[in-house]
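Have a look at the structure below before the remarks.
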Amino acid sequence: MAQANLHDLLLDELKDIYDAETQLTQALPKMMEAATSDELKKAFKSHLAQTQGQLKRLEQAFEMMGKKADRKTCKAMKGLLAEGEDMIKEHEQSHVLDAGLIGSAQRVEHYEIAAYGTICAYADALGEDDLAGLLAETLAEEKQTDEALSVLGAKINEACAEAYHASMDDESDDSNGKQKSKGKGKKSKNPTA
Numbered sequence: 001m002a003q004a005n006l007h008d009l010l011l012d013e014l015k016d017i018y019d020a021e022t023q024l025t026q027a028l029p030k031m032m033e034a035a036t037s038d039e040l041k042k043a044f045k046s047h048l049a050q051t052q053g054q055l056k057r058l059e060q061a062f063e064m065m066g067k068k069a070d071r072k073t074c075k076a077m078k079g080l081l082a083e084g085e086d087m088i089k090e091h092e093q094s095h096v097l098d099a100g101l102i103g104s105a106q107r108v109e110h111y112e113i114a115a116y117g118t119i120c121a122y123a124d125a126l127g128e129d130d131l132a133g134l135l136a137e138t139l140a141e142e143k144q145t146d147e148a149l150s151v152l153g154a155k156i157n158e159a160c161a162e163a164y165h166a167s168m169d170d171e172s173d174d175s176n177g178k179q180k181s182k183g184k185g186k187k188s189k190n191p192t193a
């Protein structure tokens, strides 16, 4: 095994994140299709366009290092995206699925933030200021996307919580034999109840 140096490690990290971003461009359309919230669909569509731009930026980074863009399978992204696919299979289309998709998307964002932060730190240490600056743009975008998902997630989580509490109220009232007041929950099948 050849002795690695920081330059080699930087190149290895670039290959990893290049594969991760490529995988993400294939997963985002599935997430967009599964989402029920129009706002979430729009966010995933925007993220797809942003990710495609980030791939171009990574290709520039490879050029700056005198290398051709290359990929190394990113097992972490593969796992994160597999969990997202499981979420889609396990939940009906609803606010709950949307909440789960946001959680999956944020795990992806956090991985990307860590990856780009590491790459920028390596580039800085090596004096590759242009490379660090280029990828710092992507790091900033990833942080903005994570923040936007947090804001959207808060709204969707609130809707999920309201639906949950309403269903618990329905169950509680049904088990007590009480008729729901007009406009709330299910009507009693027994008109004398």
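Each residue of the sequence shown is one higher than the one before, counting from 1 in our numbering.
C-beta: ideal position from N, C-alpha, C; glycine also.
For G103, the closest alpha carbon among the candidates E90, R71 and E83 is that of E83. Between T118 and Q54, the C-beta spacing is not below 9 angstroms.
Per DSSP, the unbroken alpha helix (DSSP H) holding G79 starts and ends at K75 to E90.
From the listed residues E90, L135 and M168, the smallest Cα separation to Q60 is found for L135.
Its chain contains E142, T145, D146 and L149 as the residues whose beta carbon lies nearer than 7 angstroms to that of E109, once the 5 sequence neighbours on both sides are disregarded; these appear in chain order. G66 sits in coil when the DSSP states are folded into three classes, being neither helix nor strand. In its chain, beyond the 5 residues on either side, C74, M77, K78 and L81 have a beta carbon closer than 8 angstroms to the beta carbon of Q23. For S104, the uninterrupted alpha helix (DSSP H) run begins and ends at H95 to A125, by DSSP. By the CB criterion at 9 angstroms, M31 and A105 fall inside the cutoff. For K30, the enclosing alpha helix (DSSP H) starts and ends at L6 to A34. Just measuring C-alpha positions, the residue of S46, F62 and S37 sitting nearest D12 is F62. In this structure A123 touches L10 by the C-beta definition: roughly 6 angstroms separates them, less than 8 angstroms. Taking 8 angstroms as the upper bound for CB-CB distance, K68 and D19 are not in contact here, some 14 angstroms apart. Excluding five sequence positions before and after H47, the CB atoms of its chain that fall closer than 7 angstroms to its own CB belong to L28 and T145, given in chain order. Taking a C-beta distance under 9 angstroms as the contact criterion, H95 and S37 qualify as a contact pair.
Shown here for H7: same chain residues with a beta carbon closer than 7 angstroms to its own, the five before and five after excluded, namely L126 in chain order.
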